[in-house]
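Residue numbers (my numbering): 33 to 293.
Right under this line is the structure:
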C-alpha cells in the first residue's frame with residue numbers, strides 16, 4: 033500500500049500548478065525514500081526534477097515501489113478542492129485493479145468537512161533521464177518573488193535574457209525591438225532572506241536563456257521564499273526551489289540549456 037499525508041495540501045497544489053503548463057503527463061515514482069519525478073517538456077528543451085522527502089509528510093508509507101502516471105491538467109482541477117486550511121492524504125492500494133489513486137481532503141479550519149476523490153492513473157512511457165552531478169562556477173540565491181518579477185517584466189520586452197554573474201553582482205539584460213533594459217543586483221548579505229542576494233562565483237560568466245522557459249520555471253516560486261540560480265559555461269542553467277524553504281523536505285529543480293551566441 034502507498035499512503036502519504038500532507039498536513040498542508042497547498043504544497044501539492046503548488047507543485048501541480050508549477051508543472052501543468054510545462055509537462056502535461058508525468059510519472060511520479062514512489063518508494064521508501066519519497067516521491068521522485070524527472071520529465072522533459074513536450075519540445076524536449078527543458079528538464080524538471082522533483083524530490084519530496086518522507087520528512088515533508090505528516091505520515092508516509094510505501095510498502096513497495098509505485099508509479100503514479102498523472103495528467104497534470106486533471107490533477108490541477110482536483111487540487112482546486114484544497115486551500116491553506118486543507119490537509120490531504122494520497123492512497124493507492126495494492127489490489128486497486130482499476131489503477132486509480134484516492135485523494136482525501138480534510139478541512140482544518142473548524143468546518144470539519146471532508147472530500148474524497150479518485151483520479152484515474154495513466155500508463156505513460158518515459159525514459160529515465162540521468163542528471164549528472166555538476167559543480168557550478170556561479171551560484172546565486174535570491175528572493176523567488178523578485179526573480180519571478182524580473183522574468184515577467186523582461187518577457188514583455190524581448191525573447192531572451194542575458195544573465196551575467198560576477199563575485200559581487202548579478203546582471204539581467206534584455207534587448208528587444210523597442211528598447212533595452214539592464215537590471216543590476218549587488219551582493220546583499222542581509223539576514224532577511226526576503227531581501228538577501230547571495231553570490232558565490234569563481235569567475236564572471238555571461239549566458240543567454242529563453243525567457244519563455246524561465247517564465248514556466250518561475251511558476252514554482254510559491255514553493256519557497258528563495259531560488260538558487262546556478263550557471264557554468266556551456267552547461268544548462270539550474271534553478272532550485274527548496275520545498276517549504278527546507279531542503280530536507282525536498283526540492284524542485286529546472287534545467288535549461290543556454291542559447292547559442
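Glycine included, C-beta positions come from ideal geometry on N, C-alpha and C.
All values reported here derive from a predicted model rather than from experimental measurement.
Review point. On the three-state DSSP scale, how would you describe residue 250?
Key: Position 218 of the chain shown, counted from the start, is the residue given in the question as residue 250. Here residue 250 sits in helix by DSSP.
Practice item. Using the Cα positions of residue 113 and residue 170, report the straight-line distance between them to the nearest angstrom. Key: Taking the chain shown and counting its residues from 1, one reaches residue 113 at position 81. Taking the chain shown and counting its residues from 1, one reaches residue 170 at position 138. Going by the C-alpha atoms only, they are around 41 Å apart.
Point to revise | Pair within 9 Å by beta-carbon distance, residue 242 and residue 47 | key: Counting from one through the chain shown, the residue named residue 242 turns up at place 210. Counting from one through the chain shown, the residue named residue 47 turns up at place 15. No.
Check your understanding: Using a Cβ-Cβ cut-off of 6 Å (strictly less than) and excluding sequence neighbours within five positions of residue 79, which residues of its own chain qualify?
Key -> Counted from its first residue, the chain shown places residue 79 at position 47. Answer for residue 79: 72 and 287, listed in chain order.
Review point. Between the C-alpha atoms of residue 133 and residue 34, what's the straight-line distance to the nearest angstrom?
Key: Within the chain shown, residue 133 is the residue found at index 101, counting from 1. Within the chain shown, residue 34 is the residue found at index 2, counting from 1. So the alpha carbons of these two residues sit roughly 9 Å apart.
**Study point:** residue 61 and residue 86 closer than 9 Å at C-beta
**Key:** Start at 1 with the first residue of the chain shown, and residue 61 comes out as number 29. Start at 1 with the first residue of the chain shown, and residue 86 comes out as number 54. Result no, Cβ atoms of residue 61 and residue 86 do not sit closer than 9 Å.
Check your understanding: Taking the C-alpha atoms as reference points, what is the distance between residue 181 and residue 187?
Key -> Position 149 of the chain shown, counted from the start, is the residue given in the question as residue 181. Position 155 of the chain shown, counted from the start, is the residue given in the question as residue 187. Between residue 181 and residue 187, the C-alpha separation is close to 10 Å.
Exercise for review: Find out if the Cβ-Cβ distance for the pair residue 168, residue 264 is shorter than 9 Å.
Suggested key: Numbered from its first residue, the chain shown carries residue 168 at position 136. Numbered from its first residue, the chain shown carries residue 264 at position 232. In this structure, residue 264 lies closer than 9 Å to residue 168 by Cβ.
Review point. Using 8 Å as the threshold, is the region 275-287 in touch with the region 206-218, meaning 3 or more CB pairs across them?
Key: no
Practice item. Label residue 202 either buried or exposed according to how many other C-beta atoms from any shown protein chain fall within 10 Å of its C-beta, with 16 as the threshold for buried. Key: Translated into the one-based positions of the chain shown, residue 202 becomes position 170. Residue 202 is buried by the Cβ-count criterion.
Review point. What are the uninterrupted segments assigned as alpha helix (DSSP H) that are 4 or more residues long and contained completely in the region 111-153, given in chain order?
Key: The region 111-153 contains no whole alpha helix (DSSP H) run of 4 or more residues.
Exercise for review: Throw me the rounded Cβ distance for the residue 250 and residue 225 pair, which I believe falls under 8 Å.
Suggested key: Walking along the chain shown from the start, residue 250 turns up at place 218. Walking along the chain shown from the start, residue 225 turns up at place 193. Not confirmed; about 17 Å, so no contact.
Review point. Relative to the alpha-carbon of residue 88, which residue among 40, 150, 268 and 139 has its alpha-carbon at the smallest distance?
Key: By 1-based counting over the chain shown, the position of residue 88 is 56. Residue 40 holds the alpha-carbon nearest to the alpha-carbon of residue 88 among 40, 150, 268 and 139.
Review point. Roughly how many angstroms lie between the CA atoms of residue 106 and residue 136, to the nearest whole one?
Key: Residue mapping note: residue 106 aligns to position 74 of the chain shown, counting from 1. Residue mapping note: residue 136 aligns to position 104 of the chain shown, counting from 1. C-alpha separation (whole angstroms): 16 Å.
Exercise for review: Please report the residue range of the alpha helix (DSSP H) in which residue 93 lies.
Suggested key: Numbered from 1 along the chain shown, position 61 holds the residue referred to as residue 93. Unbroken run through residue 93 is the beta strand (DSSP E), 91-94; no alpha helix (DSSP H).
Point to revise | Status (buried if at least 16 other CB within 10 Å, exposed otherwise) for residue 163 | key: Counting from 1 along the chain shown, the entry for residue 163 is found at position 131. With fewer than 16 other Cβ atoms within 10 Å, it is exposed.
Check your understanding: Between the beta-carbon of residue 271 and the beta-carbon of residue 290, is there less than 9 Å?
Key -> Stepping through the chain shown from its first residue, residue 271 is reached at position 239. Stepping through the chain shown from its first residue, residue 290 is reached at position 258. Their beta carbons are not under 9 Å apart, which means residue 271 does not touch residue 290 by this criterion.
Check your understanding: Where residue 213 and residue 262 are concerned, what is the direct C-alpha to C-alpha distance, given to the nearest angstrom?
Key -> If you number the chain shown from 1, residue 213 lands on position 181. If you number the chain shown from 1, residue 262 lands on position 230. The alpha-carbon of residue 213 is positioned some 22 Å away from that of residue 262.
Check your understanding: Taking Cβ positions, are residue 166 and residue 259 nearer each other than 9 Å?
Key -> Counting from one through the chain shown, the residue named residue 166 turns up at place 134. Counting from one through the chain shown, the residue named residue 259 turns up at place 227. Cβ distance not < 9 Å, so residue 166 and residue 259 don't count as in contact.
Check your understanding: Between which two residues does the alpha helix (DSSP H) containing residue 42 stretch?
Key -> As a first step, residue 42 is located in the chain shown; it is residue number 10 there, counting from the start. Following the DSSP letters along the chain, one finds residue 42 inside the alpha helix (DSSP H) bounded by residues 42-51.
Exercise for review: Give the DSSP-derived three-state secondary structure of residue 287 in the structure shown.
Suggested key: Here residue 287 refers to the residue found at position 255 of the chain shown. Here residue 287 sits in strand by DSSP.
Practice item. Thinking residue 117 and residue 139 are a contact (beta carbons under 8 Å), I'd like their distance in whole angstroms, please. Key: The residue given as residue 117 occupies position 85 in the chain shown. The residue given as residue 139 occupies position 107 in the chain shown. The Cβ separation is near 6 Å, so the contact holds.
Review point. From residue 53 to residue 248, what distance separates their C-alpha atoms?
Key: Here the question's residue 53 lines up with position 21 in the chain shown. Here the question's residue 248 lines up with position 216 in the chain shown. Roughly 7 Å between the two C-alpha positions.
Check your understanding: Is it buried or exposed for residue 59, if we count other Cβ within 10 angstroms and need 16 for buried?
Key -> Numbered from 1 along the chain shown, position 27 holds the residue referred to as residue 59. By the neighbour-count rule (16 or more Cβ atoms within 10 Å), residue 59 is buried.
Point to revise | Which residues DSSP lists as bridging residue 68, in chain order | key: Sequence index remark: in the chain shown, residue 68 carries index 36 (1-based). Answer by DSSP bridge pairing, in chain order: 61 and 83.
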